[in-house]
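Student: Okay, here's the structure, questions in a sec.
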Amino acid sequence: MSRNTKTVLALLAAVLVLAVVPFFLAPGAEFGGSDDAGSRMVEEIQGEAYEPWFTPVLETLLGGELPGEIESLLFCIQTGVGVGVLAYGFGYFVARKKYSAQSVE
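Residue numbers (numbering that gives the first Met the number 0): 0 to 104.
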């Protein structure tokens with residue numbers, strides 16, 4: 000087994016451990032999002048219920064909350080577009096460096 004393969008396997012094992020260990024260390028714990036934690040903190044500091052400043056555009060257009068599946072879909076699409084932009088940018092810079100080095104020779 001090559002050194003790169005060992006490194007990749009060790010890193011994958013580390014990621015797996017980091018993802019799984021919290022569930023065993025804190026069974027029954029609630030893993031809430033930052034929105035919930037922020038709302039609770041504002042309520043503690045101000046002593047009154049948190050009131051959002053505005054409602055999301057899609058919720059206003061649809062007249063209610065989006066179903067959880069649609070929110071997940073939109074989040075995945077947003078993630079995919081972001082990854083695509085980053086991958087294109089990294090590829091562009093690598094190719095620019097590669098071809099500018101070849102043109103100098």
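Just so it is clear, CB atoms sit at the ideal spot from N, CA and C, and this is done for glycine as well.
What you are looking at is a predicted structure, and each value in this text was computed from that prediction instead of being measured.
1. Would you report the Cα separation of L61 and E42, rounded to the nearest angstrom?
2. DSSP on T78, reduced to helix/strand/coil?
3. Considering only residues of the segment 15-90, which uninterrupted alpha helix (DSSP H) runs meet the minimum length of 4 residues and lie entirely inside it, listed in chain order?
4. Using three-state DSSP, classify S99 as helix, strand or coil.
5. Suppose contacts are defined by Cβ-Cβ distances below 8 angstroms. Is E58 in contact with E64 by that definition?
6. Report the rounded CA-to-CA distance for M0 versus I44, giving the unit in angstroms.
Tutor: Taking the definition as stated:
1. Cα to Cα, L61 sits roughly 28 angstroms from E42.
2. The answer is helix: DSSP assigns T78 an H, G or I state.
3. Within the segment 15-90, the complete alpha helix (DSSP H) segments of 4 residues or longer fall at 33-45, 56-61, listed in chain order.
4. The answer is helix: DSSP assigns S99 an H, G or I state.
5. It is a contact, given that the beta carbons lie within the stated cut-off.
6. C-alpha separation (whole angstroms): 56 angstroms.
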